[in-house]
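Below is one structure, written out as structure tokens; comments come after it.
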Amino acid sequence: MSLLRTSSGSFSSISQSCAAFGGLSQIRTATKRVSGSKTNKNDSAGRRLGPKAYENTFVNTGEIIMRQRGTKIHPGENVAIGRDHTIFAMEPGYVKFYLDPFHPLRKFVGVALKKDQTLPKNHFDPRLRRFGYEQILDEAEAKKEEDHMSRKEYLAQDELKRAEEKRQASAQKYRSWMEQQIQKTFPELKDSDKATERLFKIGSLMKIGQSLEEARDQVTFTEIFELQLAQRRGELSEQEVKKKSDEYKKFASELDAAVVLDHMTQVHKPLTAEAIQQKKTDILAKLDAEFTNIILKAEHKQAINELLNTPGVFTHEEIIEFRHKYIPKVLPETVPGTVLDIPKGKKLPKNAVEVKTFDPVKKIFRRVVRTTDAFP
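In this text, residue positions in the sequence shown follow our numbering: the first is 60, and each later residue adds one.
The following block contains the structure:
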């Protein structure tokens, strides 16, 4: 009891002294013993990072040169880097670690094609390539090397074969269509097979964006260059090449003067500038008279497209421009039967749509009820 009274008396005296010194408070510390966790005591195995091939070591294609976390070493000549920053060889050669003056704060590793080659090469020099292959004299080894392909190539053979068959079928179909056009439009044309071949090549180039003049020049150049290659192989003499080149140039000039391809590669006879301008004027006048301020139906749109695609009259850019003009996405409000007078709040019919249009005079948006015929 005396101890208790003594302790309580001492606590009271301490609290009084704390109050006297400005209200010091007692701090209660933790009394529960905390034990450490027993999990994650074992460390994982190292990832074996670092260089796997050293200076002047010979490596084959695909061999790993450096494993790292982050690009401590950057990829240089004839190497590539994976998504885990692993650097591997892209060409067989010798490993070279080097510094590049264009990137003074980086260290690089590359593969030199020859052991005595130093990296980096001059920045403005062309990239070194492995052109110096040796001829394989053993027929079995040569056949094995010729038939060798990667696993990715081997698995893609069926798909590549189907794509090639589809491409050849499409080309044959286009060639037949071109031949039918020539026989129908120019039955008197001599050497139709040769003309079909030239027009087929010109049309193929026009389909990928070349103009008629560019396609003609390209086909002529390719034909003459093939003759020159035959001369280099020793198949033709210089006199034969000159003779055949002159004959083809004459044939091409005569054919180009007699046959023209439009933007859809349709065959037709060439027109003079005055005839083209007159046809343009007549077609546009007919479009203005028959296909403006009316509700466009499917047969109207077909007739407009047929007039715009008249062979040899309009260019591709002009056709797109006039198609937007005469077949707009939204008909003007002046077209009769496309605007309905329905007060706001009333139920709209099934063939009506409420739209907001901007009034440039009053500079406000206004409500307009349009029929679905206004959106051809």
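C-beta atoms are modelled at their ideal positions from N, C-alpha and C, and glycine is treated no differently.
Given residue i as reference, the closest of the options once Cα atoms are compared
i	options	result
Q337	Y233, A317, A311, G371	G371
D418	V412, R426, A411	R426
Q176	T255, A274, Y157, H162	Y157
T281	G293, Y307, K266	Y307
D143	V118, F117, Q127	Q127
A254	D206, L320, K232	L320
L178	G152, G109, K421	G152
V414	V420, K421, K422, L399	L399
Q240	K356, K131, T324, A334	T324
F259	H182, V318, I423, M125	V318
L366	I378, K356, Q242, L355	I378
E273	A201, I261, F284	I261
D21	K225, G105, L314, D197	The structure shown does not extend to residue 21, since the chain is modelled only from 60 to 435, so the question has no answer here.
F434	R107, G293, L355, P163	L355
F161	K174, F183, T145	F183
P265	A104, K174, H375	It should be pointed out that residue 265 corresponds to Met in this sequence rather than to Pro. Comparing Cα positions, the closest option is H375.
V428	V420, R226, T416	T416
V412	D432, H359, K422, Q269	D432
T145	R107, D159, K174	R107
S263	Q227, V118, Q85	Q227
V118	K174, Q194, Q231	K174
G268	E193, L196, H322, V420	H322
For residue j and residue i, believed in contact at Cβ under 8 Å, the rounded distance
i	j	result
G169	G141	16 Å between Cβ atoms; not a contact.
T397	T430	5 Å
V154	N181	V154 to N181, Cβ: 20 Å. No contact.
I335	T369	The Cβ separation is near 10 Å, so there is no contact.
R165	H207	At roughly 37 Å, the Cβ-Cβ gap does not stay under 8 Å, so R165 and H207 are not in contact.
I363	Y385	5 Å
Proximity test, residue i beta-carbon vs the ligand PLP heavy atom, cut-off 7 Å
i	result
E136	The ligand PLP is absent from the structure shown, which contains no ligands of any kind.
CB of residue i within 8 Å of CB of residue j, strictly
i	j	result
A311	R234	no
L172	E150	yes
V148	T120	Residue identity differs from the one stated: residue 148 is Ala in this sequence, not Val. Cβ distance < 8 Å, so A148 and T120 count as in contact.
I123	K131	no
F373	K339	yes
Whether or not the stretch 298–308 and the stretch 320–329 are in contact is what I'm after, with contact meaning three or more pairs of Cβ atoms, one per stretch, closer than 8 Å; do they touch? They do not touch, by the three-pair rule.
Does the stretch 340–348 come close enough to the stretch 275–290 that 3 or more CB-CB pairs lie under 8 Å? no
Could you check whether the stretch 245–255 touches the stretch 266–278, counting it as contact only if at least three pairs of C-beta atoms, one from each stretch, sit closer than 8 Å? Short answer: they don't touch.
At a cut of 8 Å, does the stretch 372–390 reach the stretch 399–411 through at least three beta carbon pairs? Too few Cβ pairs lie closer than 8 Å, so no.
List, from N- to C-terminal side, the alpha helix (DSSP H) runs of 4 residues or more that fit wholly inside the stretch 269–342. 271–291, 297–317
List in chain order: all unbroken beta strand (DSSP E) runs of 3+ residues lying wholly within the stretch 124–188. Listed in chain order, they are 138–140, 146–148, 152–159, 162–171.
May I have a chain-ordered list of the beta strand (DSSP E) segments no shorter than 3 residues that lie completely inside the stretch 344–378? none
Kindly provide the ranges of any beta strand (DSSP E) runs that are 3 or more residues long and lie completely inside the stretch 383–420, ordered along the chain. Counting only runs that start and end inside the stretch 383–420, the beta strand (DSSP E) elements of at least 3 residues fall at 411–418.
Can you list the alpha helix (DSSP H) stretches of 4 or more residues lying completely in the stretch 196–269, in chain order? 198–206, 210–214, 216–244, 251–266
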